[in-house]
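In my numbering, the protein residues as written are 4 to 189.
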């Protein structure tokens with residue numbers, strides 16, 4: 004798969020045959036296919052009537068509450084092996100983390116929830132999440148105006164060791180779910 008991505012980017016005949024916009028779309032589709040092939044099965048929402056009564060105790064529980072709103076598309080976790088290479092975030096910086104991307108690679112939605120090991124680690128992660136958001140903006144600006152609007156409404160939250168990047172057309176509602184349920188009160 005990476006071989007085909009390299010051909011799309013560097014082969015002279017492919018550059019002549021496909022315009023920049025078409026090559027970018029093909030590259031996104033190829034990368035989405037690559038990520039979906041490596042991804043573990045998605046985290047299913049809880050069955051109706053089985054929603055937790057008490058507040059969640061971990062980030063996966065918070066994500067399940069977000070899924071329960073119905074505002075998110077079908078999502079899959081980013082494989083652990085791709086987190087450092089895709090986001091630049093090292094496992095040693097995180098006490099708990101959840102990285103979710105849509106199963107449809109053309110959608111901009113993304114949910115990243117992190118509890119950092121320390122506040123200095125949280126600052127480093129915040130910088131990398133800001134960079135990730137800027138990359139998403141640049142990629143979508145000319146190729147997908149509807150997805151660009153969603154990215155521009157994204158929310159990046161940082162409170163002590165807690166971080167969240169919420170990219171969704173309903174980011175405001177999902178931020179409310181996050182803030183009402185995380186971090187857990189002692």
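Heads up, the beta-carbon is just placed ideally off N, CA and C, and yes, glycines get one too.
Residues that DSSP places opposite residue i in a beta bridge
| i | result |
| --- | --- |
| residue 170 | 113 |
| residue 162 | 165 |
Selection from the options that minimises the alpha carbon distance to residue i
| i | options | result |
| --- | --- | --- |
| residue 166 | 88, 92, 112 and 150 | 92 |
| residue 2 | 137, 176 and 75 | The question about residue 2 has no answer, for the chain in this structure spans 4 to 189. |
| residue 157 | 69, 173, 145 and 164 | 173 |
| residue 185 | 163, 171 and 170 | 163 |
| residue 160 | 151, 175 and 146 | 175 |
| residue 131 | 89, 141, 143 and 144 | 89 |
| residue 115 | 146, 150 and 79 | 79 |
| residue 177 | 154, 61 and 65 | 65 |
| residue 99 | 128, 139 and 107 | 128 |
Span of the alpha helix (DSSP H), counted from its first residue to its last, around residue i
| i | result |
| --- | --- |
| residue 148 | 148-155 |
| residue 66 | 62-71 |
| residue 133 | 122-144 |
Beta carbon proximity, residue i to chain B, threshold 7 Å
| i | result |
| --- | --- |
| residue 149 | Note that chain B does not occur in the displayed structure, where there is just one protein chain. |
Self-check item: Within the stretch 76-111, ranges of the alpha helix (DSSP H) (whole runs, at least 4 residues)
Solution: 83-90
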